[in-house]
Structure formats: C-alpha cells, structure tokens
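The structure appears right after this line, and notes come after that.
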Amino acid sequence: MPVNYYIFLSITLFVIGIIGVLTRRNAIIIFMCIELMLNAVNLLLVAFSKMHHLANAAKDITAGSDGQLFVFFIMVVAAAEVSVGLAIIVMLYRNTHSVDVNFLNRLKH
25 MPVNYYIFLS ITLFVIGIIG VLTRRNAIII FMCIELMLNA VNLLLVAFSK
75 MHHLANAAKD ITAGSDGQLF VFFIMVVAAA EVSVGLAIIV MLYRNTHSVD
125 VNFLNRLKH
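Under our numbering, the letters of the sequence shown match residues 25 to 133, in that order.
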C-alpha cells in the first residue's frame, strides 16, 4: 500500500481533531479530539518509519524502529495528559456541575 494513503488518512484525522478542538465546548470531547490528533501523528510516524525501512532494508538491520519508538513515547505522554486532564475535568465538574469550558472563568474566585 503506498504511503500516500497513510498521509492522506493522517491529515484527515488531524484536521478532524483540530476542528473538534476549535468548535466544541465540552471538555471531554476536546480531550478526545486531542487524542485523535496524537493518533494521527502516530500513524504518520509509523508510515514514514515503514517507508524508511523499505528504502534502507539492505543497509541497516534496525531501520524502521525509530518511528515506533517515537510512537511509544507519544503514547506515554498521551496517557499522562489524559490522567491529568481527566483530574482537571473532575474538579471542574465538582465546582461548576458542568464540563463546559466556558465556565472556567468561574474558577478564578
């Protein structure tokens, strides 16, 4: 399968995530869109890693594993982001009884 299909799919998922972050007001949906953008980047990294591996397969034995290592670190950072983000959303819900991000101004006092 050509890498162009993966690039197109990754760009499409990333744009859907950006549109979701910019247009939605629900904090949980915003976090889901951020995760969608991170997964789009992961897909692109793995596709480029595979393309690089196929181009340099005869030269290097470990070619193609660099992108997968980056994906692993992105997934670790995404898991930490989700745990902190969900804790913030729970505290927001406890204080305002809503997960609407427009109510964040109420937390100033």
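Where is the CB? At the ideal position from N, CA and C, for every residue including glycine. Quantities reported herein were computed from a predicted structural model and do not represent experimental measurements.
Start and end residues, alpha helix (DSSP H) containing residue i
i: residue 39; result: 27-47
i: residue 123; result: Note, residue 123: premise wrong, no alpha helix (DSSP H); not H, not E.
For residue i, the nearest candidate out of the options (CA to CA)
i: residue 67; options: 104, 27, 109; result: 27
i: residue 128; options: 39, 49, 35; result: 49
i: residue 69; options: 103, 92, 59, 51; result: 92
i: residue 73; options: 59, 47, 31; result: 31
i: residue 99; options: 58, 29, 53; result: 58
i: residue 55; options: 106, 124, 120, 101; result: 106
i: residue 71; options: 121, 52, 34; result: 34
Environment of residue i [buried if 16+ CB atoms lie within 10 Å]
i: residue 25; result: exposed
i: residue 37; result: buried
i: residue 64; result: buried
i: residue 102; result: buried
When you compare the segment 112-124 with the segment 33-46, are there three or more beta-carbon pairs, one atom per stretch, that lie closer than 8 Å?
No: fewer than three Cβ pairs fall under 8 Å.
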